[in-house]
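Student: First residue of the sequence shown? That's 16 in the numbering used here, and the numbers climb one at a time after it. For each residue, glycine too, the CB sits at the ideal point set by N, CA and C.
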Amino acid sequence: MTGSLRGKRAVVCPETDGQSIAASEHYESHRACLDGIDSVKRNADAPIQDTTGSNSGR
16 MTGSLRGKRA
26 VVCPETDGQS
36 IAASEHYESH
46 RACLDGIDSV
56 KRNADAPIQD
66 TTGSNSGR
């Protein structure tokens, strides 16, 4: 998750070389961003692997 213009947050998916391969919409709040991440986890048609070593920012 990253901060962005006007304090909104977005989710950025980096490749192993650091390049961004995908980015989400900009959310009004941290909570809304986390809810967006949870929605992708629930609805993804592929396994989700967190390689950041964190727990979704919680």
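Suppose the cutoff is 6 Å on Cβ atoms and the five residues either side in sequence are ignored; what does the same chain contact list for K56 look like?
Tutor: Once the five neighbours on either side are set aside, the close Cβ partners of K56 are I63.
Student: Which residue spans inside the segment 32-70 form an unbroken alpha helix (DSSP H) run of at least 4?
Tutor: Counting whole runs of 4 or more residues, the segment 32-70 contains the alpha helix (DSSP H) stretches 45-58.
Student: Excluding the 5 residues flanking A38 on each side, which residues of the same chain have their C-beta closer than 6 Å to its C-beta?
Tutor: A25, V27.
Student: Which residues does DSSP pair with V27 in a beta bridge?
Tutor: V27 is bridged to A38.
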